[in-house]
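First the structure, in the form of structure tokens, and then the observations on it.
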Amino acid sequence: MHRFANPTRFLRIAGAVLPWCASATVVLLAVGLYLGLFVAPPDYQQGDTVRIMFVHVPASWMALFVYSVMAGASAVGFIWRHPLNDLVAKASAPIGASFTFVALVTGSIWGQPMWGTWWVWDARLTSVLILFFLYLGYMALWQAYDDPGRAAKPAAILALVGFVNVPIIKFSVDWWNTLHQPASVITASGPKIHSSILAPLLVMIVAFTFYYLTVLIYRLRAEILARKIRVIRLAQVEGRAAAGAVGGGAD
Amino acid sequence: MSAFLGLLWRDVRLAFKQGGAATMTLMFFLLTVTLFPLGVGPEIEVLSRISTGVLLVAALFASMLSLDRLFQADYEDGSLELISLSPLPLVLAVLAKSAAHWLTTGLPLVIAAPLLALLLAMDPSGYPVLILTMLLATPSLSLIGAIGAALTVGVRRGGVLLPLLVLPLFIPVLIFAVGAVEAAIGGLTPRPHLFILAAILCIAAVLGPWASAAALRLAFE
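Sequence lines, in order, name chains A and B. Counting from 1, position 89 in the first sequence corresponds to residue 92 in the working numbering; the numbering is continuous, with no gaps. Counting from 1, position 87 in the second sequence corresponds to residue 398 in the working numbering; the numbering is continuous, with no gaps.
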């Protein structure tokens, strides 16, 4: 694992993997959207509005998945001091926050015709809203430090403390009497959805995952380069200060 | 043991000397609770319907606003580093400071809560459960808040960041606390909510100081 800790080697590998991730994203999104919007049958109760599920469910799944990746990367970075993991966690946070926001908004748009309300304070929606706040707090903690390297470990602690929310979200529909639909895909007795709707859903989830990987690679490259620029700038300032001291001392 | 109690007693005495302890917290609690009838209107039915939530949210804010004096003053004059170097494990030191915070902030809130519940016309059947709920909830707030305080100690604009980090972690405590009191008022048993509050307190008492100590050690680097 520490073989990939070298940023230059990682950038090379990331550059090689990126086109595959990007093209997989485009292809799977196209296939998933076609299957979801045109091929999948309308629901007997909800009609065509059920199709928003093909965006809402993958976004919610990714919101939880990205936070789990963040928490896992934070744990690895904290325990084994693997430097890239802190960057993975930092780079993933805005992506996860965006997925959470999309999940909340698409869920709200779906809820209005289905439940008759834009929002309800049930367990699932409240805990996903808390997840959104946890993402924002995590990003704010990174911003609060002048030296980004020093922010890594406090942010890791915050990510790990907030991870307790993820199982709460997953099981909220079982533990509480909620308006939100109970678990239908990952249940103890297997998926409860018909395959004609399940297949586009899974394609969209995989497409969103490749999208996350693509954006993550872009952000990681940006983070590594930003660190390098920062080091160069600091060296320049120090060089100028040393030269100025020499020049000023010669007066 | 004597080091633990010594640190606890030191923090309590300091809090009372600096005046940031019971008095200001209670004043904030009282003022916040007073704002709601002025804002919402004096109708008894409306007030009594929102009384539980208002009391617990105000207690939550009062607890949260006093969190930055938990570590900040000691960090600035260097005594926090000395405490971390002492034979007392940092985890126990954090536990002692959180306990002192609760004694000087949370406990006054618990004592004041039934009196302020009178102002909000809360249903009398909720009073005993309100006291019990706040006795279980306020220590959790001190312990969970210590994590946020430890993460933001030594950060430049940490004071504004602290609520943002700590409030999402407070929300479960708030939900179950309100649930317990509302259940009692409605004639149902509050026991499930109280048990979950007690569980949260146990988890916070064990994991909170551990996370806070880890965060404090990072601030010393």
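The beta carbon of each residue, even a glycine, is placed where N, CA and C say it ideally should be. Bear in mind that the values here come from a model prediction, so they are computed numbers and not experimental data.
Measuring CA to CA, which of the options is closest to residue i?
{"i": "residue 416/B", "options": "518/B, 337/B, 316/B, 516/B", "result": "337/B"}
{"i": "residue 13/A", "options": "30/A, 224/A, 165/A", "result": "224/A"}
{"i": "residue 421/B", "options": "328/B, 431/B, 438/B, 511/B", "result": "438/B"}
{"i": "residue 406/B", "options": "425/B, 528/B, 521/B, 428/B", "result": "521/B"}
{"i": "residue 89/A", "options": "247/A, 246/A, 230/A", "result": "230/A"}
{"i": "residue 71/A", "options": "37/A, 26/A, 92/A", "result": "92/A"}
{"i": "residue 342/B", "options": "530/B, 326/B, 366/B", "result": "366/B"}
{"i": "residue 411/B", "options": "321/B, 532/B, 344/B", "result": "321/B"}
{"i": "residue 481/B", "options": "167/A, 176/A, 177/A, 178/A", "result": "167/A"}
{"i": "residue 400/B", "options": "369/B, 508/B, 524/B, 467/B", "result": "524/B"}
{"i": "residue 504/B", "options": "510/B, 491/B, 319/B", "result": "491/B"}
{"i": "residue 529/B", "options": "466/B, 384/B, 449/B, 477/B", "result": "466/B"}
{"i": "residue 48/A", "options": "118/A, 67/A, 24/A", "result": "118/A"}
{"i": "residue 423/B", "options": "370/B, 393/B, 448/B", "result": "370/B"}
{"i": "residue 362/B", "options": "344/B, 395/B, 349/B, 473/B", "result": "344/B"}
{"i": "residue 143/A", "options": "22/A, 150/A, 158/A", "result": "158/A"}
From which residue to which residue does the alpha helix (DSSP H) around residue i run?
{"i": "residue 63/A", "result": "56–83"}
{"i": "residue 386/B", "result": "383–387"}
{"i": "residue 104/A", "result": "86–118"}
{"i": "residue 40/A", "result": "Residue 40/A -> no alpha helix (DSSP H), and no H or E assigned at all."}
{"i": "residue 532/B", "result": "No alpha helix (DSSP H) holds residue 532/B; DSSP gives it neither H nor E."}
{"i": "residue 322/B", "result": "313–329"}
{"i": "residue 432/B", "result": "From DSSP, residue 432/B is part of no alpha helix (DSSP H); its letter is neither H nor E."}
{"i": "residue 123/A", "result": "Element bounds for residue 123/A: n/a, residue is neither H nor E."}
{"i": "residue 53/A", "result": "Taken as a continuous stretch (DSSP letters only), residue 53/A belongs to no alpha helix (DSSP H), as it is neither H nor E."}
Report buried or exposed for residue i, applying the criterion of at least 16 other Cβ atoms within 10 angstroms of its Cβ.
{"i": "residue 254/A", "result": "Low local confidence applies: a pLDDT of 49 at residue 254/A is under 50, so the model's placement there is unreliable, and no value is given."}
{"i": "residue 375/B", "result": "buried"}
{"i": "residue 244/A", "result": "exposed"}
{"i": "residue 9/A", "result": "exposed"}
{"i": "residue 471/B", "result": "exposed"}
{"i": "residue 46/A", "result": "exposed"}
{"i": "residue 3/A", "result": "There is no way to answer for residue 3/A, as the model of chain A reaches only from 4 to 254."}
{"i": "residue 313/B", "result": "exposed"}
{"i": "residue 544/B", "result": "Since the displayed chain B opens at 312 and closes at 532, residue 544/B lies outside it and no answer follows."}
{"i": "residue 180/A", "result": "exposed"}
{"i": "residue 51/A", "result": "exposed"}
{"i": "residue 37/A", "result": "exposed"}
{"i": "residue 11/A", "result": "exposed"}
{"i": "residue 413/B", "result": "buried"}
{"i": "residue 195/A", "result": "exposed"}
{"i": "residue 356/B", "result": "exposed"}
{"i": "residue 328/B", "result": "exposed"}
{"i": "residue 116/A", "result": "exposed"}
{"i": "residue 177/A", "result": "exposed"}
{"i": "residue 242/A", "result": "exposed"}
{"i": "residue 237/A", "result": "exposed"}
{"i": "residue 217/A", "result": "buried"}
{"i": "residue 397/B", "result": "exposed"}
{"i": "residue 102/A", "result": "buried"}
{"i": "residue 334/B", "result": "exposed"}
(Q) Below 8 Å, how does it come out for the segment 125–139 of chain A and the segment 94–114 of chain A: are there three or more Cβ pairs, yes or no? (A) Three or more pairs of CB atoms, one per stretch, sit closer than 8 Å, so the segment 125–139 of chain A contacts the segment 94–114 of chain A.
**Q.** 4-residue-minimum alpha helix (DSSP H) runs that sit fully inside the segment 338–413 of chain B, ordered along the chain
**A.** Within the segment 338–413 of chain B, the complete alpha helix (DSSP H) runs of at least 4 residues fall at 355–376, 383–387, 390–396, 401–412.
Q: Only counting runs of 4 or more residues, tell me where the alpha helix (DSSP H) segments fall wholly within the segment 165–206 of chain A, in order along the chain.
A: Qualifying alpha helix (DSSP H) stretches, in chain order: 168–178.
Q. So does the segment 451–460 of chain B actually touch the segment 506–515 of chain B, counting three or more Cβ pairs closer than 8 Å?
A. Touching, yes, given that three or more Cβ pairs across the two stretches are closer than 8 Å.
Q.
Across the segment 484–493 of chain B and the segment 379–390 of chain B, are there enough close Cβ pairs to call them in contact, namely three or more that are closer than 8 Å?
A. Fewer than three pairs of CB atoms, one per stretch, sit closer than 8 Å, so the segment 484–493 of chain B makes no contact with the segment 379–390 of chain B.
**Q.** Length at least 4, wholly inside the segment 431–491 of chain B: the alpha helix (DSSP H) runs in chain order
**A.** Within the segment 431–491 of chain B, the runs of alpha helix (DSSP H) that reach at least 4 residues and sit entirely inside it are, in chain order, 438–463.
Q) Just checking, does the segment 55–62 of chain A make contact with the segment 196–214 of chain A on the three C-beta pairs under 8 Å criterion? A) With the cut-off at 8 Å, the segment 55–62 of chain A and the segment 196–214 of chain A touch.
Q. Contact between the segment 60–72 of chain A and the segment 210–223 of chain A: three or more CB pairs below 8 Å?
A. With the rule of 3 Cβ pairs closer than 8 Å, the segment 60–72 of chain A counts as touching the segment 210–223 of chain A.
Q) Are the segment 111–131 of chain A and the segment 458–475 of chain B in contact at 8 Å, needing three or more beta carbon pairs? A) Using a Cβ-Cβ distance cut-off of 8 Å, the segment 111–131 of chain A and the segment 458–475 of chain B are not in contact, since fewer than three pairs of beta carbons, one from each stretch, lie closer than that value.
Q. Looking at C-beta atoms only, is the number of pairs between the segment 159–169 of chain A and the segment 67–80 of chain A that lie closer than 8 Å three or more?
A. Taking 8 Å as the limit for Cβ pairs, the verdict is that the segment 67–80 of chain A does touch the segment 159–169 of chain A.
Q | Inter-stretch contact at 8 Å, needing at least 3 Cβ pairs: the segment 425–441 of chain B / the segment 490–510 of chain B | A | Yes: at least three Cβ pairs fall under 8 Å.
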